[in-house]
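Novice: Starting off with a structure, shown below.
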Amino acid sequence: MAFIPGQPVTAVVQRIEIQKLRQGDNLILGFSIGGGIDQDPGQNPFSEDKTDKGIYVTRITPGGPADAAGLMMGDKIMQVNGWDMTMVTHDQARRTLTKKKEDVVRLLVTRKSLEEAVKQSMSYPRQ
Amino acid sequence: MPAEVKQEQSPSNATSLAMMQEPQEVVEETVTIEEDPGTPTSHVSVVTSDDGTTRRTETKDMSTNVKVTKMVKTVTTRTVRQVPLGPDGLPLPEGSSPLGSYTDSIDRRYMKNGGDRFITPQATSTLTRSYNNSYNDSYGETPESQYVRHYGLHDGYADLTDNYGSLSRGVNFRPPRYPYMPNSYRPENSYTLPIRKDDYGHVAQPQVPMGSSTVDLNRSQPERFQPEPYGLEDDRRSLGPEEEEPYELEPDYSTANRRTLQGANRGRTHREPLRDGPRVRGYPDDPIEAELIDERHPYIHGMYSAPLAQPERGSMASLDRMGGRRSPSIDSIRKDPRWRDPDLPEVIAMLGHPIDPVKSNAAAYLQHLCYENDKIKKDVRQLKGIPVLVGLLDHPKSEVHRKACGALRNISYGKDNDNKVAIKNCDGIPALIRLLRKTNDMEVRELITGTLWNLSSYEPLKMVIINHGLQTMTNEVIIPHSGWEHEPNEDSKPRDAEWTTVFKNTSGCLRNVSSDGAEARRRLRECEGLVDALLHALQSAVGKKDMDNKSVENCVCIMRNLSYHVHKEVPGAEKFQDPSALQAPGSAGPQRKKKDDAGCFGGKKAKEEWFNQGRKNGENDKNYDTLDLPKRTEPSKGFELLYQPEVVRLYLSLLTESQNYNTLEAAAGALQNLSAGQWTWSNYIRATVRKEKGLPILVELLRSDSDKVVRAVAIALRNLSIDRRNKDLIGSYAMRDLVSNLPSGQQRPAKNLEEDTVVAILNTIHEIVTDSSENARSLIQAQAIEKLVAINRTSQSARETKAASHVLQTVWSYKELRNALTKDGWNKSHFQPTVTATPKATKNGKPGYDDTTLPLMEKNQGTRKCGSGDMIPMDELGPDGYSTIDQRDKDCKYKTGDGSVDLTEREPLKNDTNRKHYIRSNRPAVSLVDACDVKPQPVDSWV
């Protein structure tokens, strides 16, 4: 997951589509995010690389839209509807996710289990 | 600043003082704008205004007023000139040709005019113009004779009327569109379009609405107008102006408050070109001045025609003054002995004419004459015209009071405060307020509130306006347009604010008066429903993402002004002072600790903890508890809303979303004011800003292109850093942005910030660095030393020099950093005040600041600063009675204790030593207390 700023990042990602849920006047996704380039990455409990300032999923509302879509706590969000999320401030991420005009968000997320699964799948053939 | 301070006082004290001063609130206001009310359709236009904002010290605005002007122009005039009539003045003949072109424009006007009635007015207006021309000539030659002629002519009403009719049609119509543009009114004419309406007044209004539909009517009548030329010209003209107007006007408004002058200039420049344009295009030909005669008009009858004609003529004359051109048509007009423009005394006399339409036309004509013509305004005043106009405000006929109000609005606009005083001296303010209460006519309300806005730009009138009109303006305009409901009906949906012109004008007026000192603030705060309505309006603006308009700007500025010194001026504020101070120590400690923990990623690694730490969780509650915030038994209302933590989110939303620099500045200023002082609420506000993630928002605004925004944000950060946790965060994350705003040596940064801003930033840096070697280290890492040394040595500004010197002395006081500094090639001499600057300059400088700041800062400020790091000095000083210092809480106390010790030990720097000691002492205290983590605020946002 570590990356060098300015260098291309290779990651195994999963595409997750979340249909926003309307609660009163608000559209909610049912998860919370932490991180961002304006945050202290050292406090992120989910990242392996403690300099990673990416956006992470910190909490998920059980039974909420994100939960239903398969988003998991600790997922790192790479893109939201095509927008990069690896080099954004916390608030930028929040705003991108909460655009009122959009009922659906398509996330590209990565998580450790995905990478491991891929490694395994790739390794098996070789074996 | 700092340097100055130091000098004045003992070193240590000095620094603290300096800091204190600046940090204090910044409130200000600006306000003075004028208004302008122009309603798009009808009247006028506006212009520019300035504001003055004050910054540092006091709340009041220095701003100046600006002006607003409204003009009414009559399109007609030009048209009239069109030669076609030339011959007889009976233009009629060929309506057909003209019709085609004119039709549209004409029709509209007619429609608007409402046919019969209106027609006349228009006609008259047109006539006047043409007359004007003649008038001029006559003046040149033999004025008297001309006059005579005119009068004589009048007799022949029939002719005149006919002429009028034709003129009005042709002229009016044309003008209607952009009529104002005009030839006659060069510059501002474009704006003036509205005016025309005014002149026509009644007609205009109707016309406007009718506009499109009217066309038909016009066509029917067009016959009379031959002149295609007219039509064409008018159209062209009109088009030009209108197009421009809308754009210009709004810009002006927006800018007006802040920078009147600029706005004005812009407006003028634009306008002028427009004016010229028209002429060039085809005017030269001259429009025909046709004369119009309307047989239809009832008015036509003798008296009317004359008066009407005259007024318009007058306008023509004014036009000439303005630089009007003389078109051939004019010449022809001049030759026509029948007409002459009334002179000013005559117009004023007509205000007392027994026939109402004469009054209203005279008033409309006055409005026209006064547009952007200070000389005429003065003449009207000296001819005692203002009391007459004020008297007409109580006239039962809407036509009459509307026109009178329009004239007063123009007269009240501008830098000549004598005009404003004259309106006040004849009880014009209560009369306006009376009319506001009485009328439901939106146009009249716009005019009234526009006039009040103009009047409010003059300092001595502010309290008068408050005394007579505050509650009325609040009840009649602010509350209804804000959408706020006193006792919300559960069935009804909350309403959004309506950004009407009336609301804009009224909020502009209140914005101005809110800067008139403590008493004015008290009155506004205690005005029932005002704060509630303003807050509702702003929340509505945030909800709708409509935050860039002038009304929002006005509202935020009012809120900022009312937030100024709220901790000292609000009834019952004492209750929150001492207790908070006492509690604060205890509370502060806990707060900080908790805060630290709170980070979203929290210091702790466990996910659970992280989650728990989420801002929504315990932190707030804990803080509240620790702070012992007064508990509300019932929802807060009125002025209490000003400093409830809930407003933080509102201001942060504005800071995030608004593109309007004035709004940004005001929102930052509001936070600055609220975070100043040492009462319970400011402690809470400071913590809330952090919890609402406001610090990154503020830091981002340090990159703003607007000098004022940068300054307000810098000072807000300084006040916020009274909170230890905030200080650590700001030191870690804002230092580079702060430093990047500093000039490097004599070379100004791209932004070229003003001295005040540079000083504010330096003081903020000083505050952050004081009592925190970690922050001082950040400062060094941000490559700031080179800039600071350069400023200290080469700045042309004594204040900048002193401020930089203070920072440098503080940095050098951290012995643990000296190694690093030495490695970078710095030595003690770099951190000492420049000889020249230090000594007396400081003293001088200090006093100034102190004075300004003292009022503001006083307790709160003192405390703030003390808390921030300078607290120690305060203690040493002892007494100053910065009891507030206590608030700083534990830190302060600790600091003080430590500080004293440290002081004795450390004496390194000369004057600075004391300060430094304090600082150090503070540090220990801080570290002890908080052990603050420098970690960034954790953030965890639900989406």
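Chains as they are written, first to last, in UniProt numbering: chain V, 1 to 127; chain W, 1 to 943. Where a beta carbon is used, it is the ideal one built from N, C-alpha and C, also for glycine.
Name the chain V residues whose beta carbon is nearer than 8 Å to that of W:Asp940?
Specialist: In chain order: Ser32, Ile33, Gly34, Thr58, Arg59.
Novice: Whose CA, out of W:Ser682, W:Met442, W:Gly385, lies closest to the CA of W:Ala573?
Specialist: When each option's Cα is compared against that of W:Ala573, the closest is W:Ser682.
Novice: Contact defined as beta carbons within less than 8 Å: I believe W:Val811 pairs with W:Val769. What is the distance between those atoms, to the nearest angstrom?
Specialist: Right, their Cβ atoms sit about 6 Å apart.
Novice: Using 8 Å as the limit for Cβ to Cβ distance, is V:Arg94 near chain W?
Specialist: Yes, contact with chain W.
Novice: Distance, Cα to Cα, residue 953 of chain W vs V:Asp67?
Specialist: The structure shown has nothing for residue 953 of chain W, since chain W only spans 1 to 943.
Novice: Using alpha carbons as the reference points, say which of W:Met463, W:Asn467, W:Arg445 lies closest to W:Ile478.
Specialist: Residue W:Arg445 is the option with its Cα nearest to W:Ile478.
Novice: Checking contacts by CB at 8 Å: is W:Lys544 closer than that to chain V?
Specialist: It does not; no Cβ of chain V falls within 8 Å.
Novice: Return the residues of the region 81 to 114 of chain V that lie within a Cβ-Cβ distance of less than 7 Å from chain W, sorted by chain order.
Specialist: Under the 7 Å Cβ criterion, the region 81 to 114 of chain V contributes Thr89, His90, Asp91, Arg94, Leu97, Thr98.
Novice: Counting C-beta neighbours from all protein chains within 10 Å, is the total for W:Met442 16 or more, i.e. buried, or is it exposed?
Specialist: Flag for W:Met442 reads exposed.
Novice: Residues of chain W with a CB under 8 Å from the CB of V:Leu21: which are they?
Specialist: Near V:Leu21 there are no residues of chain W at all, since even the closest Cβ is about 11 Å away, more than 8 Å.
Novice: Using a Cβ cut-off of 7 Å, pull out every chain W residue sitting near V:Leu29, in sequence order please.
Specialist: Going along chain W in sequence order, the residues near V:Leu29 (Cβ under 7 Å) are Val943.
Novice: Apart from the five residues on each side of it in sequence, which residues of its chain come closer than 7 Å, Cβ to Cβ, to W:Asp416?
Specialist: Answer for W:Asp416: Asp374, Lys377, Lys378, listed in chain order.
Novice: Would you say W:Tyr733 faces chain V, with C-beta separation under 8 Å as the test?
Specialist: Cβ-Cβ to chain V under 8 Å: yes for W:Tyr733.
Novice: Any heavy atom of the ligand GTP within a distance shorter than 7 Å of the CB on V:Asn81?
Specialist: Within the structure as shown, the ligand GTP is missing, as the structure has no ligands at all.
Novice: Would you say W:Leu408 and W:Thr451 are within 8 Å of each other, going by their C-beta atoms?
Specialist: Their beta carbons are under 8 Å apart, which means W:Leu408 touches W:Thr451 by this criterion.
Novice: Measure how close the beta-carbons of V:His90 and V:Asp38 come, nearest whole angstrom, since I'm counting them as under 8 Å.
Specialist: Right, their Cβ atoms sit about 6 Å apart.
Novice: Can you tell me which residues form a DSSP beta bridge with V:Thr110?
Specialist: DSSP output for V:Thr110 lists V:Lys76 as bridge partner(s).
Novice: Could you give the first and the last residue of the continuous alpha helix (DSSP H) run that contains W:Tyr458?
Specialist: Looking at the DSSP string, W:Tyr458 is not in any alpha helix (DSSP H), and its letter there is neither H nor E.
Novice: Beta-carbon within less than 6 Å of W:Tyr458's beta-carbon, same chain only, minus the 5 sequence neighbours each way: which residues are those?
Specialist: Excluding sequence neighbours, W:Tyr458 sits near Asn417, Lys420.
Novice: For the alpha helix (DSSP H) holding W:Trp681, just list the boundary residues, first then last.
Specialist: 680 to 691 is the span of the alpha helix (DSSP H), which, as asked, contains W:Trp681.
Novice: What does the alpha-carbon distance come out to for the pair V:Val13 and V:Ala93?
Specialist: If I take the Cα positions, the gap works out to 18 Å.
Novice: Taking the alpha carbon of W:Ser732 as the reference point, which residue from W:Asn512, W:Ile715, W:Leu779, W:Val531 has its own alpha carbon closest?
Specialist: Closest option to W:Ser732, Cα to Cα, is W:Leu779.
Novice: For a contact defined as C-beta to C-beta under 8 Å, what are the partners of W:Lys693 on chain V?
Specialist: Near W:Lys693 (Cβ distances below 8 Å), the residues of chain V are His90, Asp91.
Novice: Taking just the CA atoms, how far does W:Ala349 sit from W:Leu392?
Specialist: Distance between the alpha carbons of W:Leu392 and W:Ala349 is about 13 Å.
Novice: In the structure shown, what three-state DSSP assignment does V:Lys31 receive?
Specialist: Correcting the residue identity first, residue 31 of chain V is Phe in this sequence and not Lys. Of the three classes helix, strand and coil, the one that applies to V:Phe31 here is strand, per DSSP.
Novice: Compare the C-beta of W:Lys696 against all C-beta atoms of chain V and say whether one is closer than 8 Å.
Specialist: The sequence shown places Pro at residue 696 of chain W, not Lys. Judged by the 8 Å Cβ criterion, W:Pro696 is in contact with chain V.
Novice: Helix, strand or coil for V:Ile60, going by three-state DSSP, please let me know.
Specialist: Reduced to three states, the DSSP call for V:Ile60 is strand.
Novice: Whose C-alpha, out of W:Val400, W:Val552, W:Leu530, is nearest the C-alpha of W:Leu562?
Specialist: Residue W:Leu530 is the option with its Cα nearest to W:Leu562.
Novice: One question on the structure: do W:Ser795 and W:Pro833 come within less than 8 Å of each other, judged by their Cβ atoms?
Specialist: No. Outside cutoff.
Novice: State yes or no: is the C-beta of W:Ala668 within less than 8 Å of the C-beta of W:Ala734?
Specialist: No. Outside cutoff.
Novice: Measuring CA to CA, which of W:Asp756, W:Pro430, W:Tyr651 is closest to W:Val552?
Specialist: When each option's Cα is compared against that of W:Val552, the closest is W:Tyr651.
Novice: Span of the alpha helix (DSSP H) holding W:Glu519?
Specialist: Segment 518 to 526, the alpha helix (DSSP H) holding W:Glu519.
Novice: Leaving out the 5 sequence neighbours to the left and right, which residues in its chain are closer than 6 Å to W:Ser507 when beta-carbon positions are compared?
Specialist: The answer, listed in chain order, is Ser551, Asn554, Cys555.
Novice: When the cut-off is 8 Å and only beta carbons count, does V:Asp38 lie next to chain W?
Specialist: Answer yes: the Cβ-Cβ gap between V:Asp38 and chain W drops below 8 Å somewhere.
Novice: Looking at the secondary structure, which residues open and close the alpha helix (DSSP H) in which W:Trp812 lies?
Specialist: From DSSP, the alpha helix (DSSP H) with W:Trp812 extends over 798 to 812.
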